[in-house]
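The sequence shown begins at 38 in the numbering used here and counts up by one. From the three backbone atoms N, C-alpha and C, an ideal C-beta is built for every residue, glycine too. Since the model is a prediction, treat every value here as computed from it, not as a measurement. Reading through the structure tokens given below for one structure.
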Amino acid sequence: MADKVKEALKRLAQNIPKGNMGGSSGGGGNGGGLVRALGSASGALIGAGVLGYGAFNSVYTVPGGHRAVVFSRVGGMKDSTYGEGLNFVIPWFERPYIYDIRTRPCNLQTLTGSKDLQMVTIGVRVLHKPNPKYLVWIYQHLGMNYDERILPSLMNECSKAVVARYNANELLTKREMVRSDISRDLAKRSGSFNVKVEDVAITHLSFSPEYARAVEAKQVAQQDAERAKYVVLGAKQEKLSII
């Protein structure tokens, strides 16, 4: 950019007619004309730069599935939310911040305890998005990374609170009820932060190795008991046939 400015000034100086350099008055006149020409060229270049900066920074585009809020250096956050397409701002005085309002996932896996004090590892996936009507509030209180600020802690708390209401075996037999309880509690908590929860899914559910071994031993014992029952019935039938 600096080289282009120097080249333009050089060309302008070359196009200025040169008078008689011998006389003092003529030399002074030519020198004054050159200074005025250089000043005019510099002013024009500065004006063009300012206009270019203003034109470039006075418009911005909001992509599909997004919304924008605007911060003003004079009055703070504006109350309006700006939709998709081309929008205008006052350069330097205003700055847009663009939010993605499409549904996005958030995953969390946590270790907690059931009602019968069994350790359970549960994985939860939440589909969420910000409420477009309250993007100004979200920016003022939570910022751009609102989901990282609130969702992990809320998901962790709601999951542990719901799992604590059920016994370990009920977590398997009543899995849909567990999912519904987590979804209801999480939607209520996140709603106070103007974040919508659209879906909750339990992606992982496992128990401690000790509990798994106890369940396996119980199943083996039940199978042995059923086998012994059939042995006894067989012996009775055989005894009756002999009589």
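Checklist line | Euclidean distance between Cα positions of residue 225 and residue 269 | finding: 57 Å
Item checked: Same chain only: Cβ atoms within 8 Å of residue 221, ignoring 5 sequence neighbours per side -> none
Checklist line | Test item: CB-CB of residue 201 and residue 149 under 9 Å | finding: yes
Next item on the list: For the segment 205 to 223 and the segment 137 to 144, state whether three or more C-beta atom pairs, one from each stretch, are separated by less than 8 Å.
Entry: no
Next item on the list: Please classify residue 83: does DSSP put it in a helix, a strand, or coil?
Entry: helix
Checklist line | Burial state of residue 241, where buried means 16 or more other Cβ atoms lie within 10 Å | finding: exposed
Notebook entry, point to check: Excluding sequence positions up to five away, which residues of its chain have a Cβ less than 8 Å from the Cβ of residue 60?
Noted result: Low confidence applies here, because residue 60 scores a pLDDT of 44, under 50, leaving its location unreliable; read the following figure in that light. Once the five neighbours on either side are set aside, residue 60 has no close Cβ partner at all.
Check: With 9 Å set as the bound, which would you pick, yes or no: does the beta-carbon of residue 197 sit closer than that to a beta-carbon of chain C?
Finding: Considering every chain present, this structure includes no chain C. It has just one protein chain.
Check: How is residue 59 classed by DSSP in three states: helix, strand or coil?
Finding: Summary for residue 59: the model assigns pLDDT 44, below 50, so the residue's position carries little reliability; its value from the coordinates is reported in the next sentence. Coil, per DSSP.
Item checked: Alpha-carbon to alpha-carbon, residue 186 and residue 118 -> 22 Å
Note to self: I'd like to know if the segment 158 to 167 and the segment 233 to 250 are in contact, where contact means that at least 3 CB-CB pairs between them fall below 8 Å.
What the structure shows: yes
Checklist line | Length of the line joining the Cα atoms of residue 214 and residue 250 | finding: 26 Å
Note to self: Along the chain, where does the alpha helix (DSSP H) containing residue 173 start, and where does it finish?
What the structure shows: 172 to 178
Check: Rounded C-beta distance between residue 123 and residue 106? I'm assuming under 8 Å.
Finding: That pair is no contact at about 16 Å.
Check: Given a threshold of 16 other Cβ atoms within 10 Å of its Cβ, counted over all protein chains shown, does residue 266 qualify as buried or as exposed?
Finding: exposed
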